[in-house]
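So the structure is just underneath, and the comments pick up after that.
Protein chains: 2
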Amino acid sequence: MKRYKAYLIDLDGTMYRGEEKIEEASDFVKQLVAMNIPYLFVTNNSSRRPEQVADKLRSLDIPAGPEHVFTTSMAAANYMYAENPEASVYMIGEEGLEAALKEKEFRFEDENPDYVIMGIDRDITYEKLAKACLAVRKGAKFISTNGDIALPTERGLMPGNGSLTSVVAVSTQIKPLFIGKPEPIIMEQALKEIGVSPEDTLMVGDNYDTDILAGIRAGVDTLLVHTGVTTPDMLTSYKTQPTYVVHSLTEWMDKI
Amino acid sequence: MKRYKAYLIDLDGTMYRGEEKIEEASDFVKQLVAMNIPYLFVTNNSSRRPEQVADKLRSLDIPAGPEHVFTTSMAAANYMYAENPEASVYMIGEEGLEAALKEKEFRFEDENPDYVIMGIDRDITYEKLAKACLAVRKGAKFISTNGDIALPTERGLMPGNGSLTSVVAVSTQIKPLFIGKPEPIIMEQALKEIGVSPEDTLMVGDNYDTDILAGIRAGVDTLLVHTGVTTPDMLTSYKTQPTYVVHSLTEWMDKI
Chain Z
47 MKRYKAYLID LDGTMYRGEE KIEEASDFVK QLVAMNIPYL FVTNNSSRRP
97 EQVADKLRSL DIPAGPEHVF TTSMAAANYM YAENPEASVY MIGEEGLEAA
147 LKEKEFRFED ENPDYVIMGI DRDITYEKLA KACLAVRKGA KFISTNGDIA
197 LPTERGLMPG NGSLTSVVAV STQIKPLFIG KPEPIIMEQA LKEIGVSPED
247 TLMVGDNYDT DILAGIRAGV DTLLVHTGVT TPDMLTSYKT QPTYVVHSLT
297 EWMDKI
Chain P
47 MKRYKAYLID LDGTMYRGEE KIEEASDFVK QLVAMNIPYL FVTNNSSRRP
97 EQVADKLRSL DIPAGPEHVF TTSMAAANYM YAENPEASVY MIGEEGLEAA
147 LKEKEFRFED ENPDYVIMGI DRDITYEKLA KACLAVRKGA KFISTNGDIA
197 LPTERGLMPG NGSLTSVVAV STQIKPLFIG KPEPIIMEQA LKEIGVSPED
247 TLMVGDNYDT DILAGIRAGV DTLLVHTGVT TPDMLTSYKT QPTYVVHSLT
297 EWMDKI
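Chains Z and P, in that order, are what the protein sequence lines are.
The first sequence begins at 47 in my numbering and counts up by one.
The second sequence begins at 47 in my numbering and counts up by one.
Set out below in structure tokens:
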């Protein structure tokens, strides 16, 4: 059995379910720490800052600092910065995206931005969407943190950022560049961040369409854990299977 | 040259452009009145009540009462009423849609409605979209007043109802039933309202993709006027041409 030198780990459905604890997650990450194996949480959630994500993980007894968190907001900001560090940006999004853009010192601009970037925004308004549409039509490059169509909550499946992004995509007929899983952009950056080669890294997640597909596309082995979205039944319909499948991370403890 | 016994007429781009007058529109409608030819304005604009639309037309010296206005909100309410007059409804929309639903005495219901109906809503919120998504996932029938992706304004092309509708369609993966032009539903009702057979009716409009296509699909002859969206250049790309094409309605005066 191959041993991996680094772990990329999904959050919701893998480390917790919404506000609910996944018991075995804590022991799993503690074992990585004990064995001195680097790990990075890779999340499509653009709304929170790394410090906030780490706080939540620690409250669930999962060892984590901000340095263990890599969000799609950070990946989007890095991507834009590499293209044009002087760029102006019109943003629709919450605190996490705003912080990532400010970290890179992007200039915020409503009328003629170089980029329009969309992340989940639960204070969305028609005016925000209108500004995004007008800017994209004028030629701003259109970026979206992730294409997730639905967000699981206690109330049920709420609109995800992919569905909000569709307002601008449908209205302008211009497709955005998506940054988050399953796109390669976030994975390439996460691999660079953790500093271990793809062959020696394992991607762990509960969602085939985001986590596992992201791993497959990035040439990283994958471990699907059935504690979230993708059920054993759903998994049978996919042609390319994950490298490994477990019902709970407990089953993986002796393979770390 | 065939003479038509009734006219279905588009508004924006045909009778006016936003707040701007189209000079020849007034004489055109006055000629219909003088010759005692029935006419009905058929509009995808769901936001206003027929009284408000007629007021605007009269302010542009175009003869019109509420009885001359047929909106997609009215068509949607009629459609739902024919299916289920006792239905409960969750609505996203503005004054025109609300009035049309109240006219039919539908019961408004947030949680478990029989229908979710979406029209343009410039006070859209995440919570409104979330309620629509939750209800559609629970089995509410999903209806949208129209699929227009963009609204022409002085500021440029703003998000249309079709693009707002896409949030719910993308998130739930359930397609709505569209009511407005170019769909047959609004045309069938408008023809019934005006009470003249399709063969003797002419559909007049500036937009091939909505007005002309609606006429073609409804078996009604069409007159495209180049005072709005579809330019002569754009028109060459369509296989099925309108029955008639004019640059301005002045050219049609002696054919009424």
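In this text, a Cβ means the ideal position worked out from N, Cα and C, and glycines have one as well.
Straight-line gap, residue i to residue j (C-alpha atoms, nearest Å)
{"i": "Z/L54", "j": "Z/L281", "result": "21 Å"}
{"i": "Z/K177", "j": "P/K67", "result": "27 Å"}
{"i": "P/S93", "j": "P/D257", "result": "18 Å"}
{"i": "P/D194", "j": "P/V275", "result": "12 Å"}
{"i": "Z/L147", "j": "Z/E234", "result": "19 Å"}
{"i": "Z/A264", "j": "Z/N253", "result": "16 Å"}
{"i": "Z/D169", "j": "Z/K301", "result": "44 Å"}
{"i": "P/G165", "j": "P/L223", "result": "12 Å"}
{"i": "P/P96", "j": "P/V271", "result": "24 Å"}
{"i": "Z/S209", "j": "P/T247", "result": "40 Å"}
{"i": "P/E132", "j": "P/F152", "result": "7 Å"}
{"i": "Z/M61", "j": "Z/S283", "result": "25 Å"}
{"i": "P/T10", "j": "P/T191", "result": "Here chain P comprises residues numbered 47 to 302, so residue 10 of chain P is not present and cannot be evaluated."}
{"i": "Z/P84", "j": "P/E173", "result": "40 Å"}
{"i": "P/S294", "j": "P/I231", "result": "28 Å"}
{"i": "Z/M47", "j": "Z/W298", "result": "12 Å"}
{"i": "Z/Q14", "j": "P/D58", "result": "It is not possible to answer for residue 14 of chain Z, since the shown part of chain Z is limited to 47 through 302."}
{"i": "Z/Y127", "j": "Z/P198", "result": "31 Å"}
{"i": "P/E157", "j": "P/A186", "result": "10 Å"}
{"i": "P/E70", "j": "P/S105", "result": "14 Å"}
{"i": "P/E245", "j": "P/T273", "result": "25 Å"}
Limits of the unbroken alpha helix (DSSP H) element including residue i
{"i": "Z/P230", "result": "P230 to I240"}
{"i": "Z/V182", "result": "Y172 to R183"}
{"i": "Z/L197", "result": "Element bounds for Z/L197: not the alpha helix (DSSP H) but the beta strand (DSSP E), A196 to T199."}
{"i": "Z/M120", "result": "T118 to E129"}
{"i": "P/L281", "result": "P278 to L281"}
{"i": "P/L103", "result": "P96 to S105"}
{"i": "P/I262", "result": "L259 to A264"}
Contacts that residue i makes with chain P (C-beta to C-beta distance below 9 Å)
{"i": "Z/S92", "result": "The contacting residues do not exist; Z/S92 stays about 14 Å from chain P at best."}
{"i": "Z/D169", "result": "T171 and Y172"}
{"i": "Z/I195", "result": "V216, S217, T218 and Q219"}
{"i": "Z/G185", "result": "Under the 9 Å cutoff, chain P gives no residues; its nearest Cβ is about 12 Å from Z/G185."}
{"i": "Z/G208", "result": "V216 and S217"}
Partner residues on chain Z for residue i, Cβ-Cβ distance less than 7 Å
{"i": "P/V162", "result": "In chain order: nothing, as chain Z lies at least about 13 Å away."}
{"i": "P/V275", "result": "Result: empty, since nearest Cβ-Cβ is about 14 Å, beyond 7 Å."}
CB contact flag (residue i, residue j, <8 Å)
{"i": "Z/L269", "j": "Z/V292", "result": "yes"}
{"i": "P/L180", "j": "Z/R63", "result": "no"}
{"i": "P/E155", "j": "P/Y125", "result": "no"}
{"i": "P/K289", "j": "P/D255", "result": "The residue you asked about is not Lys; residue 289 of chain P is Thr in the sequence shown. Contact: no."}
{"i": "Z/I138", "j": "Z/D167", "result": "yes"}
{"i": "Z/V250", "j": "Z/D56", "result": "yes"}
{"i": "P/I240", "j": "P/L86", "result": "yes"}
{"i": "Z/V99", "j": "Z/V115", "result": "yes"}
{"i": "Z/P278", "j": "Z/L259", "result": "no"}
{"i": "P/L143", "j": "Z/R183", "result": "no"}
{"i": "P/E149", "j": "P/A123", "result": "yes"}
Delimiting residues of the beta strand (DSSP E) encompassing residue i
{"i": "Z/M249", "result": "T247 to G251"}
{"i": "P/E75", "result": "In the sequence as presented, Glu is not what sits at residue 75 of chain P; that position holds Val. No beta strand (DSSP E) holds P/V75; the alpha helix (DSSP H) holding it covers E69 to A80."}
{"i": "Z/G202", "result": "G202 to P205"}
{"i": "Z/D16", "result": "For residue 16 of chain Z there is no data in the structure shown, the boundaries of chain Z being 47 and 302."}
{"i": "Z/A110", "result": "Neither: Z/A110 is in no beta strand (DSSP E) and is coded neither H nor E."}
{"i": "P/T89", "result": "Y85 to T89"}
{"i": "P/S243", "result": "Careful: P/S243 lies outside any beta strand (DSSP E) and carries neither H nor E."}
{"i": "P/K187", "result": "K187 to S190"}
{"i": "Z/V291", "result": "Y290 to V292"}
{"i": "P/A52", "result": "A52 to I55"}
{"i": "Z/I163", "result": "Y161 to M164"}
Where residue i meets chain P, residues with beta-carbon distance less than 8 Å
{"i": "Z/A110", "result": "Within chain P, no residue comes near Z/A110; the closest Cβ sits about 28 Å away, beyond 8 Å."}
{"i": "Z/P205", "result": "Y172, L175, A176, C179, V213, V214 and S217"}
Contacts that residue i makes with chain Z (C-beta to C-beta distance below 9 Å)
{"i": "P/R201", "result": "A176 and L180"}
Closer than 7 Å at the beta carbon, the chain P residues around residue i
{"i": "Z/G226", "result": "In chain order: nothing, as chain P lies at least about 16 Å away."}
Under 8 Å from the C-beta of residue i: neighbouring residues of chain Z
{"i": "P/L57", "result": "Per Cβ cutoff of 8 Å: no residues; P/L57 is ~21 Å from chain Z at best."}
task: Answer yes if the segment 117-136 of chain P comes into contact with the segment 78-92 of chain P, meaning at least three C-beta pairs across the two stretches below 8 Å, and no otherwise.
output: yes
query: Given 8 Å as the limit, is there contact between the segment 206-222 of chain P and the segment 155-164 of chain P, that is, 3 or more CB pairs closer than that?
result: yes
- request: Mind the definition here: the segment 108-115 of chain P touches the segment 71-86 of chain P only if three or more C-beta pairs lie below 8 Å; say whether that holds.
  value: yes
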